[in-house]
Amino acid sequence: MALANSAIAAAPRVGRLGSHVWLRFGVRRLGRLLVSLWVLVTASFLMIHLIPGDPVRAALGPTAPAALVAAKREEMGLDDPILVQYWHYLQGLFTGDLGTSMISQLPVSDVISQRLPATLALALLAFVFAVAVAVPLGVTMGVLTRRGHGRRTELAFTTSSVVLGIIPDFVIAVVLVYVFGVSLEWLPVAGNDTPSAYVLPVLALAIGPAAILSRIIRVEMVSVLDADFVRTARAKRLPKRTIYLGHALPNALTASLTIGGLILSAMVAGTVLVENVFAWPGLGSTIVSSILNKDYQVVQAIVLVYGVGVLLVNTLVDVALALLDPRSMIRED
Amino acid sequence: MRRLKSVIRTPVGLTATILTVGVLLLAVVAPILWSDDADAIDTANILAGPSADHWAGTDNLGRDIFFRTLVATRLSVELALAATVIAVVIGLLLGTASFVLGRRSGRLVNAGVNIAVAFPGMLLALFFAVVFGVGATGAVFAIGLAGAPAMGRLTRTLVASVSSRDFVDAARVAGVGRVRILFRHVLPNISEPLVVNATIGAGGALLSFAGLSFLGLGVQQPSYDWGRLLFDGIGSIYVNPAAALAPGLAVVVAGLAFNLFGESVAKVLGVGVVAGIQLPSSAPAVETTSPVDVAHHDADDIVLDVRDLEVTFPGPAGPIRPVRGVSFAVRRGEAVGVVGESGSGKSLTALAVSRLVGDPGRVDASRLELLGHDLRAADSKALRKLLGTSLAMVFQDPMTSFNPTKRMGGQLAEVARHHQGMDRRSALARAVDRMRAVRITDPEHRAHQYPHEFSGGMRQRAMIGMGLMGSPALIVADEPTTALDVTVQQQVLDLLASIRAADDVALVLISHDVAVVGQVCDRVLVMYAGKIVEDLPAADLAGAARHPYTRALVAAVPDMDTDLDQPLAVIPGRPVDPADVPSGCAYAARCPLATDTCRAQEPPLETDSAGRRVACWHAGEPLPIEILDRELAEVDTP
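Keeping their order, the protein sequence lines are chains A and B. Last residue of the first sequence: 339 in my numbering, with the numbers rising by one and none dropped. Last residue of the second sequence: 665 in my numbering, with the numbers rising by one and none dropped.
Listed below in structure tokens is the structure:
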């Protein structure tokens with residue numbers, strides 16, 4: 007009877023803990039996000055100061071009159087003490103003032119808002135495509151090749167997904183341009199004017215991540231299908247679909263999400279290369295031309311935007327992980 | 028060296044090794060052999076497509092793309108290796124920081140590395156490319172620094188795994204300095220995985236470098252690497268696609284080579300060769316076992332009827348049969364225990380009668396019926412419903428038997444939703460009711476919790492509750508108390524007993540624990556080497572068991588009278604390996620009564636007038652130790 011009593015006493019304590027876990031997870035995750043944001047902002051601020059020599063002179067070229075360079079430095083506040091500049095930079099960020107392009111004289115925030123939608127559309131579509139391909143493919147392969155079944159299928163799948171996963175996105179892009187643009191002339195290879203223009207860039211960006219992700223999901227699926235709780239689900243005589251999708255998949259996904267998150271945040275940066283192949287009017291083509299033109303204010307802002315994108319993806323992945331598997335909230339150190 | 032040899036024994040490893048050596052060789056010889064061909068300007072063939080003279084066509088100055096691609100190998104590989112060296116060196120500094128600097132400053136470095144690792148390498152490379160400036164040198168530093176955080180984290184993990192080992196502790200106790208320990212004891216022990224990862228990293232650096240050069244941020248004219256060639260080639264892709272495809276192919280081949288080579292070496296150094304390939308199941312004709320007459324009862328009364336049950340798995344040297352012809356029946360409300368050592372086939376028997384033997388196992392039986400329905404039939408919705416509602420399973424380890432990602436209530440409710448057609452709400456209400464029935468306190472609240480919030484005993488009760496979602500006629504419990512605390516075991520057993528008494532549910536209790544079975548069950552089946560060797564009422568276990576194995580099992584259980592000064596009784600010898608069952612009586616090798624007959628001929632399972640069954644040539648004969656006891660007693664009496 008003592009046992010029964012202690013069980014009753016334990017019940018409310020566990021319950022209280024349940025809500026606290028979410029709160030503590032939220033606070034800790036938010037804290038990490040803020041610290042990372044601070045590091046990112048500081049790094050992007052320091053970027054201009056780390057460049058050897060005078061960034062303004064570099065941007066305006068050796069022939070620019072000294073007075074113009076001095077005026078520009080004055081305007082950008084580059085002669086102020088560094089902490090003052092840092093303070094102004096932070097202030098600017100909070101008011102949406104990212105400075106002015108040294109080349110086009112446009113406000114950088116205008117450049118960003120003009121270019122961001124195209125990049126965002128590309129990245130989101132590629133993400134959706136990669137997941138939409140990888141999850142069903144990985145699950146199917148996992149079911150077909152578990153416990154030593156379908157060894158040939160497994161070999162073919164693993165080999166092709168390894169190879170596809172390693173080929174860099176810009177090479178895939180070049181091949182796609184050659185096959186569908188140059189040889190077959192089916193699809194446009196530049197710009198984003200028509201819906202069909204989205205096909206090749208999205209494919210180029212998504213094929214590699216889809217291959218890697220599906221391989222991870224397969225491996226996880228195979229190991230999850232051997233888990234005790236899947237046997238329990240079978241003992242409940244649930245339909246196969248429910249066992250695979252309802253019981254095995256969420257567990258396979260939690261394990262895949264951690265690595266999957268890294269791949270997806272790499273896609274954010276992957277847009278840079280793909281955009282340059284397809285002359286996509288997004289941030290990626292802008293950052294490259296700005297680096298070459300030494301238009302550092304624009305570069306700084308775009309790096310910041312990419313970084314924020316990556317941090318958001320990482321945070322979303324962690325939240326998704328917590329929703330799928332509440333244990334992940336306590337597992338963190 | 029021997030381990031490296033086993034790298035080239037796998038087809039992937041061999042391919043990767045050949046490719047890697049090829050790329051490195053090309054990097055050395057190509058510029059020596061073909062520099063002139065690569066720089067020769069052929070004004071007659073500007074931007075020409077592939078031809079016999081120019082296999083991959085020419086560029087806008089009429090230079091041969093094929094030779095340029097070959098020659099570019101050196102610069103591409105050199106720059107990638109240089110970047111990798113930078114990444115490894117800085118990674119080592121970052122990764123060993125907490126070991127050298129001590130905990131506090133180390134933590135700061137680690138936090139920085141953790142944040143940096145979250146950003147993709149390409150983004151870091153762009154950042155550093157801005158700082159270091161456009162050009163090959165800047166790109167080397169950019170890619171090197173971009174790779175450093177990941178290398179640092181890897182180093183930190185490796186250092187942590189080594190630094191807690193005994194020899195490091197010993198050196199520390201001996202007063203050896205930290206830096207000295209690092210170089211003498213830690214680094215030599217992590218060099219292998221570091222080199223492997225650096226190789227894979229070199230592949231990544233090569234691809235990243237091609238990326239930067241392709242963007243125009245890396246190698247600048249007149250120098251050229253593959254990325255630069257690709258950059259120049261894409262502009263003329265409509266005129267000569269080969270100008271873009273050739274360097275693209277080179278990048279892929281080289282990147283793949285380094286990557287796969289590293290992975291292959293890692294596999295060899297790590298886990299070793301993958302275990303034996305499973306052979307297709309080609310079981311020979313099933314040997315006919317003598318049909319055993321199950322003691323006759325009213326057919327209606329029989330819940331489970333099993334005859335000549337066999338479970339076969341494909342093995343490396345022919346099929347393995349862990350269950351070799353098991354026959355028994357379970358009546359309504361009856362509790363039947365199945366005991367035996369691990370490997371006796373008792374758990375597989377339980378899985379087989381509940382249709383849960385998974386691939387690649389195969390179940391054969393001349394009869395396998397639950398409530399009169401043939402369980403050997405093909406899977407159907409009706410059969411699933413029958414099994415889902417009439418047969419309850421309780422597994423050994425309640426910690427792993429629930430889905431960690433789903434709430435408990437939902438996991439129970441599933442049964443009602445799928446088999447009884449209940450909607451979500453009423454299924455959940457039923458689940459709460461069943462949780463209450465298995466004495467889980469505050470079930471409304473508990474139903475919304477996840478398995479990890481339940482204790483082991485509570486989970487096992489929930490598992491039983493899950494079986495009660497339908498209206499089970501039979502509960503199959505496979506070692507239901509083995510994984511639980513001793514104090515909780517009794518609760519679970521009591522629960523099973525009370526359910527049985529209340530609803531006339533039959534119980535098949537699998538256990539290695541004779542005491543548990545004797546306490547809960549009416550009848551006991553003793554299994555050895557995949558067969559039933561004795562079938563007797565539980566009450567007979569203590570005094571009237573006839574098979575020497577059963578008697579040994581009973582003798583091995585310590586009770587209140589056991590003299591604790593004496594060593595506990597054990598059964599000598601080892602259990603039979605299912606892959607290698609001896610001819611004759613399988614127990615003969617361990618049996619004190621064994622004779623030549625036992626070793627030559629397998630004893631049949633014979634039924635006596637009381638319905639008890641035993642398979643032994645010497646059933647009921649006194650064991651030598653008992654004879655000894657009696658003699659001792661006789662000596663004592665006078």
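Quick reminder that beta carbons are idealized off the backbone N, C-alpha and C, glycines included.
State the Cα-Cα distance for the pair residue i and residue j, rounded to the nearest angstrom.
{"i": "Pro90(B)", "j": "Ala285(A)", "result": "Per the sequence presented here, residue 90(B) reads as Arg, with Pro not at that position. One C-alpha to the other measures close to 27 Å."}
{"i": "Met149(B)", "j": "Gly276(A)", "result": "7 Å"}
{"i": "Gly288(A)", "j": "Val274(A)", "result": "12 Å"}
{"i": "Ala143(B)", "j": "Tyr92(A)", "result": "21 Å"}
{"i": "Thr101(A)", "j": "Phe241(B)", "result": "36 Å"}
{"i": "Gln303(A)", "j": "Leu181(B)", "result": "34 Å"}
{"i": "Thr432(B)", "j": "Asp234(A)", "result": "13 Å"}
{"i": "Val34(B)", "j": "Thr100(B)", "result": "25 Å"}
{"i": "Ala140(A)", "j": "Ala166(B)", "result": "33 Å"}
{"i": "Val48(B)", "j": "Ser407(B)", "result": "57 Å"}
{"i": "His539(B)", "j": "Thr264(A)", "result": "41 Å"}
{"i": "Leu318(A)", "j": "Gly59(A)", "result": "34 Å"}
{"i": "Val305(A)", "j": "Met335(A)", "result": "36 Å"}
{"i": "Arg255(B)", "j": "Thr184(B)", "result": "37 Å"}
{"i": "Gly666(B)", "j": "Pro651(B)", "result": "For chain B, the structure presents residues 28 to 665; residue 666(B) sits outside this window and is missing."}
{"i": "Pro332(A)", "j": "Ala203(A)", "result": "41 Å"}
{"i": "Ser62(B)", "j": "Val98(B)", "result": "6 Å"}
{"i": "Pro215(A)", "j": "Phe154(B)", "result": "23 Å"}
{"i": "Glu219(B)", "j": "Gly289(B)", "result": "11 Å"}
{"i": "Pro599(B)", "j": "Asp607(B)", "result": "19 Å"}
{"i": "Leu414(B)", "j": "Val228(A)", "result": "25 Å"}
Using the rule of at least 16 other Cβ atoms within 10 Å of the residue's Cβ for burial, across every protein chain shown, is residue i buried or exposed?
{"i": "Asn87(B)", "result": "exposed"}
{"i": "Leu219(A)", "result": "buried"}
{"i": "Ile59(B)", "result": "exposed"}
{"i": "Phe146(B)", "result": "buried"}
{"i": "Leu298(A)", "result": "exposed"}
{"i": "Glu80(A)", "result": "exposed"}
{"i": "Gln628(B)", "result": "exposed"}
{"i": "Phe258(B)", "result": "buried"}
{"i": "Tyr265(B)", "result": "exposed"}
{"i": "Pro123(A)", "result": "exposed"}
{"i": "Asp252(B)", "result": "buried"}
{"i": "Phe194(B)", "result": "exposed"}
Is residue i close to the ligand GDP? I mean its beta-carbon at under 6 Å from any heavy atom of the ligand.
{"i": "Lys558(B)", "result": "This structure lacks the ligand GDP, and indeed carries no ligand of any kind."}
Is the beta carbon of residue i less than 7 Å from the beta carbon of residue j?
{"i": "Met496(B)", "j": "Arg461(B)", "result": "yes"}
{"i": "Met225(B)", "j": "Ala107(B)", "result": "According to the sequence as given, residue 225(B) is Ala; it is not Met. Not a contact, by the Cβ cut-off of 7 Å."}
{"i": "Val206(B)", "j": "Ala237(B)", "result": "no"}
{"i": "Gln423(B)", "j": "Ala510(B)", "result": "yes"}
{"i": "Leu131(A)", "j": "Val208(A)", "result": "yes"}
{"i": "Leu221(B)", "j": "Gly282(B)", "result": "no"}
{"i": "Pro630(B)", "j": "Cys618(B)", "result": "no"}
{"i": "Val390(B)", "j": "Ala404(B)", "result": "no"}
{"i": "Pro609(B)", "j": "Ile347(B)", "result": "no"}
{"i": "Ala533(B)", "j": "Glu361(B)", "result": "yes"}
{"i": "Ala613(B)", "j": "Arg626(B)", "result": "no"}
{"i": "Met108(A)", "j": "Arg224(A)", "result": "no"}
Decide if the stretch 160 to 174 of chain B is in contact with the stretch 110 to 118 of chain B; the criterion is three or more beta carbon pairs, one per stretch, under 8 Å apart.
yes
Would you be able to state if there are at least three C-beta pairs under 8 Å between the stretch 547 to 554 of chain B and the stretch 366 to 374 of chain B?
yes
Please name the residues in the stretch 56 to 69 of chain A whose beta-carbon is closer than 8 Å to at least one beta-carbon of chain B, in chain order.
Leu56, Ile57, Pro58
State whether the stretch 240 to 255 of chain A contacts the stretch 433 to 452 of chain B, with contact taken as three or more CB pairs (one from each stretch) at a distance under 8 Å.
yes
Which residues, in order along the stretch 149 to 180 of chain B, keep a beta-carbon less than 8 Å from a beta-carbon of chain A?
Met149, Leu150, Leu153, Phe154, Ala156, Val157, Val158, Gly160, Val161
Closer than 8 Å is the cut-off here; do at least three beta carbon pairs connect the stretch 395 to 403 of chain B with the stretch 566 to 578 of chain B?
no
Taking a Cβ distance cut-off of 8 Å, strictly less, list which residues of the stretch 314 to 333 of chain A are near chain D, in chain order.
No chain D is present in this structure, whose protein chains are A and B.
Stretch pair the stretch 325 to 342 of chain B + the stretch 470 to 479 of chain B: three plus CB contacts closer than 8 Å:
no
Could you list the residues in the stretch 489 to 520 of chain B with a C-beta less than 8 Å from some C-beta on chain A, going in chain order?
Met490, Met493, Thr514, Val515, Gln518
Indicate whether the contact test is met: 3 or more Cβ pairs, each with one atom in the stretch 241 to 253 of chain B and one in the stretch 155 to 164 of chain B, closer than 8 Å.
yes
Any residues in the stretch 332 to 354 of chain B with a beta carbon nearer than 7 Å to a beta carbon of chain A? Which ones, in chain order?
none
Taking Cβ-Cβ distances below 7 Å as the criterion, which residues of the stretch 256 to 269 of chain A are in contact with chain B?
Pro256, Asn257, Thr260
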